[in-house]
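Going left to right, the sequence shown walks through residues -26 to -1, 1 to 430 as mature numbering (1 follows the signal peptide of the UniProt record, and there is no 0) numbers them.
A virtual CB, placed ideally from N, CA and C, is assigned to each residue, including glycine.
Since the structure is predicted, the reported quantities are computational estimates derived from the model, not experimental observations.
Reading through the structure tokens given below for one structure.
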Amino acid sequence: MKSLYKHIVAAVAGGAFCAMSTVSFAQDDKATSLDQLLQMMKNSKVAETREHKQRESEFLSQKNNRSNLLAQAKATRVAEEKRSAELEAKYAEQDLDIKAKREQLDESLGALKELFGHLSSAADDYRAGLGNSLVSVQFPGREQFALDLIEKMNSETKLPTVAEIEKLFYEIQFETVQAGKVVKFTTTVADAGGAAGQREVVRIGNYGVLSNGEYLFFEKGGITVPPRQPSELADPVAVQSASGGLVAASVDPTLPLGGQIMQIMIDRPDLKQRIEQGGLVGKIILFGLGGIGFLLSIWKLISLTLTGAKVSGQLKAKKAKTNNPLGRVLKIAEDNPGIDGESLELKLEEAVLKERPSIESGLNMVKIISMVAPLMGLLGTVVGMIQTFQAITDFGAGDPKLMAGGISGALVTTVLGLVVAIPTVFFHTILSGKAKRIIHTLEEQSAGLIAEKSER
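What follows is the structure in structure tokens.
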């Protein structure tokens, strides 16, 4: 009996645990006896059965509704398939009608179809040219007419009118006439800093525009001031101030396409930039060796010229003067009238030797500069070439312009070396000739004195 009682209690406890998910057993009521526990299980079972029946009823109701929806969907599909077939038949019929109309249109147009093709091509070329035309800056807003005309001629339902065709020919002729004029007008110009303002500009056809003494850039976006003015261009002020006649002016045939020629001239380094490309070696050659050589040559040229003039004056004078080399040599002969010929010869040779260093001083330095300058230029070129090829090794040779620019910069030092060496050699030749003539005069006069002494 006790064993049966234990089994009953265990079964009841297990059923109670499994029924905790139901609504009725989720309450906070607690059974105080086995009878109450059995009653609670019974109530829970009844509630659960009622809930199941409700769910079953809802499912059956939804099933009936879904059947109705399915029937409606099938009916709709049949109707749409029928409508689709009707539309396809109508489309095929209208497509045939369109083809027939097109054939009729082509037959009606005849030779006009080819004419409209040429008109469309001409209008398209005209529209493309307006975007690269300086005339469009002076007369804006003409592109819309060309766009509308092209759209109409490309349409299958519209044809251009006679007035529109005549206007197209007029606009093309107007562009041609204006492109051959030099005119002044006011327009917006952007400076190098990007600030825009109104300026009076001079338009030279389609190939030149200038303002305030400057040649300007023209791009599709408008007119701009270039960063600098190439020195090779003609004077723009003369063009601006001219009221008629023929005036020299510079034009860029590529200006409607962005002014590539002018851009190349602007990007080309000027003299200052070339010197900067030479780097430290180039500056040493030009300002160090070149400056010293030039100043020394000028000083020595003046000195030898004055000395030569004094020597020439001494040749005409009867009395020796000590303000020139020849006078100092002759002074020795005057101061020693009773000396024998051999002793006089030695004294005169000694005097000439004393005068030679002052006459030839600085000539060797000029000669050294003329020899060292090109060697230093070659050194700078070699260093620049090494740097260029190292850059090619590091970054590749994908940009030939970069490589050519590096080689060009490296050759600048050689050019600077030659620029210094050539005039320095020229100066050295002149100075050496002057010095030799003076020394030759001293030796000649000394030999004359010795010969005169020997005759006595």
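Exposed unless 16 or more other CB atoms sit within 10 angstroms - verdict on residue i
i, result
"Pro201", "exposed"
"Met350", "buried"
"Thr367", "exposed"
"Ser31", "exposed"
"Gln13", "exposed"
"Lys427", "buried"
"Thr150", "exposed"
"Tyr65", "exposed"
"Leu61", "exposed"
Neighbourhood of residue i by C-beta distance below 8 Å, restricted to the same chain and skipping five residues each side
i, result
"Phe90", "Leu83, Met127, Leu133, Pro134"
"Asp309", "none"
"Gln172", "Thr160, Thr161, Thr162, Val163"
"Ile404", "Leu275"
8 Å contact criterion, which residue i and residue j should meet: CB distance rounded
i, j, result
"Glu140", "Lys158", "Wrong, their Cβ atoms sit about 30 Å apart, outside the cutoff."
"Pro230", "Asn106", "4 Å"
"Val183", "Phe192", "6 Å"
"Met239", "Glu206", "6 Å"
Beta carbon of residue i nearer than 9 Å to that of residue j
i, j, result
"residue 431", "Lys305", "Because the chain here runs from -26 to 430, residue 431 falls outside it and cannot be looked at."
"Ile249", "Leu390", "yes"
"Leu108", "Asn180", "yes"
"Lys274", "Val340", "yes"
"Ala409", "Ile360", "no"
"Gly358", "Ile259", "no"
"Gly282", "Ile412", "yes"
"Ile124", "Ser94", "yes"
"Val394", "Gly252", "no"
"Ala153", "Ala120", "no"
"Met377", "Thr388", "no"
"Val213", "Val176", "yes"
"Glu329", "Val303", "yes"
"Tyr189", "Ser224", "yes"
"Arg242", "Pro204", "yes"
"Thr398", "Ser344", "yes"
"Leu392", "Pro348", "yes"
"Pro210", "Gly187", "yes"
"Leu278", "Ser420", "no"
Residues near residue i by beta carbon distance below 7 Å, same chain, minus five either side
i, result
"Gln1", "For Gln1, the predicted model reports a pLDDT of 43, less than 50, meaning its position is unreliable; a value from the coordinates is still stated below. Same-chain partners within the cutoff: there are none."
"Glu417", "Val326"
"Ala365", "Gly380"
"Glu138", "Leu123"
"Arg116", "Leu104, Ser110, Glu145"
Cutoff 6 Å; reference residue i; Cβ partners in own chain excluding five residues on either side
i, result
"Ser271", "Val340, Phe401"
"Lys293", "none"
"Ala222", "Ala208"
message: Which complete beta strand (DSSP E) runs does the region 162 to 197 hold, if anything under 3 residues is left out?
response: 170 to 178, 183 to 185, 191 to 193
message: List, from N- to C-terminal side, the alpha helix (DSSP H) runs of 4 residues or more that fit wholly inside the region 305 to 375.
response: 315 to 334, 337 to 369
query: Where are the alpha helix (DSSP H) runs, 4 residues long or more, that stay fully inside the region 194 to 264, in chain order?
result: 210 to 215, 234 to 241, 245 to 251, 253 to 257
message: At 4 residues or longer, what runs of the alpha helix (DSSP H) sit wholly inside the region 57 to 110?
response: 86 to 105
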